[in-house]
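Novice: Residue numbering for the sequence shown follows my numbering, starting at 118 and increasing by one per position.
Glycine included, every Cβ here is placed at the ideal spot set by N, Cα and C.
Let me begin by handing over the structure; questions about it come next.
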Amino acid sequence: MPPKVALSKLVNSLKGVSSRRLRQEYPELVRHYWRAQRLWSGSYFAGSAGGPPLSIVKQYIEQQNQPV
Numbered sequence: 118m119p120p121k122v123a124l125s126k127l128v129n130s131l132k133g134v135s136s137r138r139l140r141q142e143y144p145e146l147v148r149h150y151w152r153a154q155r156l157w158s159g160s161y162f163a164g165s166a167g168g169p170p171l172s173i174v175k176q177y178i179e180q181q182n183q184p185v
């Protein structure tokens, strides 16, 4: 995406494309999410980390609680 594209539009595009591809590759997802009729939540989080090395950021993310 060009740098001037709003982050919300980028996230919306990524969610839309990934949802379509996942539904094509795994048709059983349609049955599982038939009530919500959407695969992803409407929300998202974006953050930046300018100081620590990527290995530290990755370690932090991996140590977060997993959704139930």
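1) Apart from the five residues just before and just after residue 139, which ones in its own chain have a Cβ nearer than 7 Å to its Cβ?
2) At the level of alpha carbons, what is the spacing between residue 135 and residue 177?
3) What did DSSP end up calling residue 128 once you bin it into helix, strand or coil?
4) Can you give the beta carbon distance from residue 128 to residue 161, rounded, assuming they're within the 8 Å contact cut?
5) Which residues mark the beginning and the end of the alpha helix (DSSP H) in which residue 176 is found?
6) To the nearest angstrom, report how far apart residue 159 and residue 130 are at their CA atoms.
Specialist: Reading off the structure:
1) 146 and 156
2) Those two C-alpha atoms are separated by around 25 Å.
3) helix
4) 5 Å
5) 171–179
6) 12 Å
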